[in-house]
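Structure record follows, encoded as structure tokens.
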Amino acid sequence: MPGNTRPREKELWERALHRPAEEAVPADCPGRWWVAHTKPRSEKALALDLERRRIPYYLPLRRRTTHSRATGRASHSIVPVFTGYVFFNAVEQQRIQALTTNRIVSTLEVVDQQRLVFELRQIQRVICTDSEFEWGERLEVGDWVRVIAGPLMGVEGVVRGRRSRARLVLNVQMLAQSVQLEVERSLLERIDPPSFHSAR
99 MPGNTRPREK ELWERALHRP AEEAVPADCP GRWWVAHTKP RSEKALALDL ERRRIPYYLP
159 LRRRTTHSRA TGRASHSIVP VFTGYVFFNA VEQQRIQALT TNRIVSTLEV VDQQRLVFEL
219 RQIQRVICTD SEFEWGERLE VGDWVRVIAG PLMGVEGVVR GRRSRARLVL NVQMLAQSVQ
279 LEVERSLLER IDPPSFHSAR
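If you use the numbering used here, the sequence shown corresponds to residues 99 to 298, in order.
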């Protein structure tokens, strides 16, 4: 019945949090591992579609707690670790089936299959322990980035410093001056260096 769909999904995500790494990311599948870049907020929907098609997949998940500004009440949910990405294992016919879900923007071919399996299993081992961890795109000093959430959303700058909070430098090139601030790395995404800045 439709009314039971949500509880079944919640149970599926709860189980995913505690699946052994070798089971969550099997190395003996007949196909190859691919990275699916999904449409916005489509990670879980794609995972369910792959499940129905019996296509092996791995969607790293984490628990998230948010608080209502109005009431202060805590809300708990299970969300993807990597926003916009799902890993799946498929032969070519299955890859085409995955594309028919209309939830995938593009697929990225994985050259080093063994390395990906190793890295994903490490992530799943961390998830299984319920350890606290930080997530986000790996950023290097000198990378151009954009703030993707919060009051500074849309601000662009250059990363300086290797601490957990990135030092973001906002340059005014004509004045040879800059403003520097610290931003959580999880709120940043890497972008291509702009050739110039223009008011929009």
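Note that the Cβ used here is the ideal one computed from N, Cα and C, for glycine as well. Values in this document were obtained by computation on a predicted structure and should not be read as measured data.
Spatial neighbours of residue i within its chain, please: CB distance less than 6 angstroms, with the 5 preceding and 5 following residues excluded, ordered by chain position.
{"i": "V267", "result": "G255, V256, R258, S276, Q278"}
{"i": "P154", "result": "C127, N187"}
{"i": "H174", "result": "T163"}
What's the gap between the Cα of residue i and the Cα of residue j?
{"i": "K108", "j": "H116", "result": "13 angstroms"}
{"i": "L110", "j": "V239", "result": "39 angstroms"}
{"i": "T199", "j": "D147", "result": "7 angstroms"}
{"i": "V243", "j": "R288", "result": "4 angstroms"}
{"i": "L285", "j": "L250", "result": "10 angstroms"}
{"i": "R130", "j": "S204", "result": "16 angstroms"}
{"i": "R193", "j": "C226", "result": "28 angstroms"}
{"i": "P291", "j": "R213", "result": "29 angstroms"}
{"i": "F185", "j": "W132", "result": "6 angstroms"}
{"i": "V208", "j": "Y183", "result": "13 angstroms"}
{"i": "E280", "j": "Q211", "result": "36 angstroms"}
DSSP state of residue i, grouped into three classes?
{"i": "V224", "result": "helix"}
{"i": "R106", "result": "helix"}
{"i": "A247", "result": "coil"}
{"i": "V203", "result": "strand"}
{"i": "I194", "result": "helix"}
{"i": "L279", "result": "strand"}
{"i": "L157", "result": "coil"}
{"i": "A134", "result": "strand"}
{"i": "F185", "result": "strand"}
{"i": "V209", "result": "coil"}
My assumption, with CB atoms under 8 angstroms, is that residue i sits in contact with residue j. Please give the rounded CB distance.
{"i": "A157", "j": "A145", "result": "For clarity, residue 157 is Leu in the given sequence; the question names Ala instead. That pair is a contact at about 5 angstroms."}
{"i": "H135", "j": "I202", "result": "7 angstroms"}
{"i": "A119", "j": "R223", "result": "5 angstroms"}
{"i": "Q195", "j": "R151", "result": "5 angstroms"}
{"i": "R160", "j": "V189", "result": "About 30 angstroms; that fails the 8 angstroms criterion."}
In chain order, what residues of the same chain lie with their CB nearer than 7 angstroms to the CB of residue i, ignoring the 5 residues before and after it?
{"i": "L237", "result": "V243, V257, A264, R283, L286, R288"}
{"i": "E230", "result": "none"}
{"i": "A143", "result": "R201"}
Which residues in the same chain as residue i place their Cβ atom closer than 8 angstroms to its Cβ, once the five residues preceding and following it in sequence are excluded?
{"i": "V253", "result": "R244, V245, L266, L268"}
{"i": "E112", "result": "I176"}
Inset, instruction - Assess, as a yes-or-no matter, whether the stretch 118-131 is touched by the stretch 215-231 under the definition of 3 or more beta carbon pairs within less than 8 angstroms. - result: yes
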